[in-house]
Amino acid sequence: MKRSKISKRLAVVGTVTLSSMILAACGGNNEGNTEADANADTSNNSEVSTEELDDEPVTIEMMANLHTPETPGDFLKDELEEKYNVELDIQWVPDGNYEERLNTAFATDTLPMVVPMGFDMFNQFKDPIRADQFWEIEPYLEEFENLSKLNPEILDNTRVDGKLYSLYQGRPLSRQGVIYRKDWADNLGIEEPTTTEEFMEMARAFTEDDPNGSGSDNTIGLTDRSDLVYGAFKTMSSWFGTPNNWGVVDGEIKPEFMFDEYIETMDFVKEMHSNGYMNQDFPVTSKDDQQAMFKNGGAGIYVGSMGDVLSIYNDATELNPDAEYGVFNYVEGPDGEYNVWAIPGFGSVVLFPKAAYEDENELRKVLAFYDELMTPEGANLLVWGEEGRHYEIEGDGVNWIEDNLSEVDNDIRPFLSLEIGEPATSGRYEMASTYDVKAEADALTIENEEYLVHDPTITLDSESHITYGDRLDQMMNDATHQYMLGQIDLDEFNATIEEWKSEGGDAIMAEFTESYQEQQ
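Under this note's numbering, the letters of the sequence shown match residues 3 to 522, in that order.
Written as structure tokens, this is what we have:
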């Protein structure tokens, strides 16, 4: 087996450890050292060399969130183990059971060496992190060429009390925008909207002006779903200037629904709904049903992730080969500015429980493995598999080999949850854009970074938010939907805000505000 960078690092670790043992054996006076001398002689007789230590594989125990129906085959595991001189002991946990399994492992003190978790779970683990149950890793990152390239802004979003305990799996800061039926717009002579008024007009025209030329009243403008975050509402709310979940007023943290811009967004959707420019049952519509309406030609506007345009186009053109799509992101609000809400820049983080390690040198070995996975070679192997077997290079990107998609599903897709960083930091390939509109969506995703609205509470703390947040969020989500459907008026919506405050909201605002002011 060829020696890799990780094995070279282990040689250094082995040398340091042996040197420490020798210094310890030589320290102190000569009295009572007979046993130590005997042990030293035994060690010498065993002739354990640094080279032999170098060849010893590193065992890495980890949990992994399984997003596919089946656990993967051994192809990629075997490749990683051979290439990087490791033994991977992976506990594949189905996504629906992951949080429960993680909490159980924590309660029984059986967490493995590597523990991934999403943002909400990460917030719940801040107290154990503060209690020194996880390694602070920032002091070690400068030792690793590739880990030290992780995006500082995104790393800052994972800090706890200013300290860094995790690696992150990167995600674009904002994919949000609009996909629309370009052929419908061309039929009606409509340009891409650049203001909220023009957006409303497109929705009206797609509903009332027979955009498909059928002579029937069989289309609507916008198709939306029950999700107020990843559906249309939050993106449109950004256009109106609403803060991202929480905003700052005179040094105090307040929820987005206490801002006038949130009310303006609700009024905008309420008008669109009452005029019939969108699906009337959107508060109970699933994503699958929303997309089906868009693909089958029932609606002409989809607000959400612009990257969805590729799968939408592929499915839609099977039903109607003449369907054409376009994408845009820039829609000015009433203040004449464009804004778009941002995620923290990561999908999940990886933590390293101290109880699972013998010492910091063992931690270094695990970090060395992740450092290898952030090389272009390591990241491409992890994300794409083997060239010629799973993918082929096309231009500046890659595409899956269509005839081998079953192998991709079995060998590669489950391991995507192990990726660290993102293409910008690892240098790995991205998917080739064979569809021009998807390429445009990717470019607009990058452009969005100039207009981001961040959530100011990402690194703030509120125990009450952990305790009451889900229930209180549901309360306000219900009230938001009811207002947009015309089932309650503004006075009743404001009454719900007062109820929210009395049932824990005041405590959440106070705790976030205190945490915010401490960081200023």
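Beta carbons are placed, not taken as given, at the ideal position from N, Cα and C, and that holds for glycine. Quantities reported herein were computed from a predicted structural model and do not represent experimental measurements.
Check	Outcome
Pull the bridge partners of Leu-169 from the DSSP assignment, please.	Val-352
Determine whether the Cβ of Phe-284 lies closer than 7 Å to any Cβ atom of chain D.	Considering every chain present, this structure includes no chain D. It has just one protein chain.
Report the rounded CA-to-CA distance for Asp-134 versus Asp-163, giving the unit in angstroms.	12 Å
Determine which residues share a DSSP beta bridge with Asn-327 and list them.	The sequence shown places Tyr at residue 327, not Asn. Looking at the DSSP assignment, Tyr-327 forms a beta bridge with Arg-183.
For the segment 394-430, which segments carrying the alpha helix (DSSP H) assignment without a break, of at least 4 residues, lie completely within its bounds, in sequence order?	407-413 and 425-428
So, for Ser-48: in the same chain, excluding its five sequence neighbours on each side, which residues have a beta-carbon less than 6 Å away from its beta-carbon?	Low confidence applies to Ser-48: its pLDDT is 33, below 50, so where it sits in the model is not reliable, and the reading given next is rough at best. None.
For the candidate residues Phe-201, Leu-169, Glu-58 and Glu-84, whose alpha-carbon lies nearest to that of Thr-427?	Leu-169
Is the beta carbon of Val-368 sitting closer than 7 Å to the one on Ile-62?	yes
Among residues of its own chain, excluding the 5 on either side of Pro-378, which ones have a beta-carbon nearer than 7 Å to its beta-carbon?	Ser-428, Gly-429 and Arg-430
Quick one: grab the DSSP three-state call for Val-305.	strand
Is it buried or exposed for Thr-361, if we count other Cβ within 10 angstroms and need 16 for buried?	In the sequence as displayed, the identity of residue 361 is Asp instead of Thr. Exposed, by the Cβ-count rule.
Looking at the structure shown, is Thr-482 part of a helix, part of a strand, or coil, going by DSSP?	helix
How about Phe-136 and Pro-355: do their beta carbons lie closer than 7 Å?	yes
Would you list the one or two residues that DSSP bridges to Asn-67?	Val-95
In this structure, what does DSSP give as the bridge partners for Gln-178?	Ser-307
Rounding to the nearest angstrom, what Cα-Cα distance links Asn-246 and Ser-176 in this structure?	12 Å
Would you kindly check if the distance between the Cβ of Gly-243 and the Cβ of Glu-273 is under 7 Å?	no
For Lys-297, I'd like the list of residues in its chain whose CB is within less than 8 Å of its CB, leaving aside the five on either flank, ordered along the chain.	Ile-314, Asp-317, Ala-318 and Leu-321
Looking only at its own chain, which residues have a Cβ that is under 8 Å from the Cβ of Met-202, when we skip the five neighbours before and after it?	Phe-270, Glu-273, Met-274 and Tyr-279
Does DSSP put Pro-141 in a helix, in a strand, or in coil?	helix
Indicate the three-state DSSP secondary structure (helix, strand or coil) for Phe-136 in the structure shown.	strand
Please report the straight-line C-alpha distance between Glu-84 and Ala-358, rounded to a whole angstrom.	23 Å
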